[in-house]
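S.K.:
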Amino acid sequence: MNSKICLLRVARNEKNSDEITSLYLENADETIPLMRFPPGQYISLKIDNLRKVALFISSAPSQSFYRISAKKEFGDVDKGIPAGVVSSHPHDAIEVGHNLQVGCRHFYLETEKSSIKPLVFLSGGVGF
947 MNSKICLLRV ARNEKNSDEI TSLYLENADE TIPLMRFPPG QYISLKIDNL RKVALFISSA
1007 PSQSFYRISA KKEFGDVDKG IPAGVVSSHP HDAIEVGHNL QVGCRHFYLE TEKSSIKPLV
1067 FLSGGVGF
């Protein structure tokens, strides 16, 4: 693992549905481009001083921004299930122009380049 703390600015906050929000992140220092990443990369978003959450980058590696998408967990008051505190944060508290502390360059999957067998990866879910 090679981790570095980056300060990223929210360039766009896009509500995809009632449950899904995508944040488009750019480097807070506009003179420095974002680090390139291979598919499957994730970043750690620091929510407050106590919490970090890992989010997969949902944009293509060729794009000049990082897009992360989060699903809001609403909970169920009748069943005593609280709404997700961390999952609500991108929806309710993060706005365009906010600077976020992000742990960049975490684990990612590498395969042997000499492998001749095709690989298929399936994933489910969105954000946290």
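Position 109 (the sequence shown) corresponds to 1055 in the working numbering; numbering is contiguous.
Each residue gets a CB set at the ideal place from its N, CA and C atoms; glycine is no exception.
In this text, all values refer to a predicted model and were calculated from it rather than measured experimentally.
1. Do three or more CB pairs link the region 1036-1044 to the region 961-970 at distances below 8 Å?
2. Rounded to whole angstroms, what is the Cα-Cα separation between Phe1002 and Asp1024?
3. If we ignore side chains and look at the alpha-carbon of each, how far apart do Gln1009 and Tyr988 end up?
4. If contacts are defined as beta-carbon pairs under 8 Å, then Leu971 and Leu953 qualify, I think. What distance do you get, rounded to the angstrom?
5. Let me know if Ser963 comes out buried or exposed under the rule of 16 or more other beta-carbons within 10 Å of its beta-carbon.
6. Pull up the distance between the alpha-carbon of Ala1006 and that of Lys1018, whole angstroms please.
M.R.: Walking through what the data contain:
1. In this structure the region 1036-1044 lies against the region 961-970, because at least three pairs of beta carbons, one per stretch, are closer than 8 Å.
2. 32 Å
3. Approximately 15 Å between the Cα atoms of the pair.
4. The Cβ separation is near 10 Å, so there is no contact.
5. exposed
6. 23 Å
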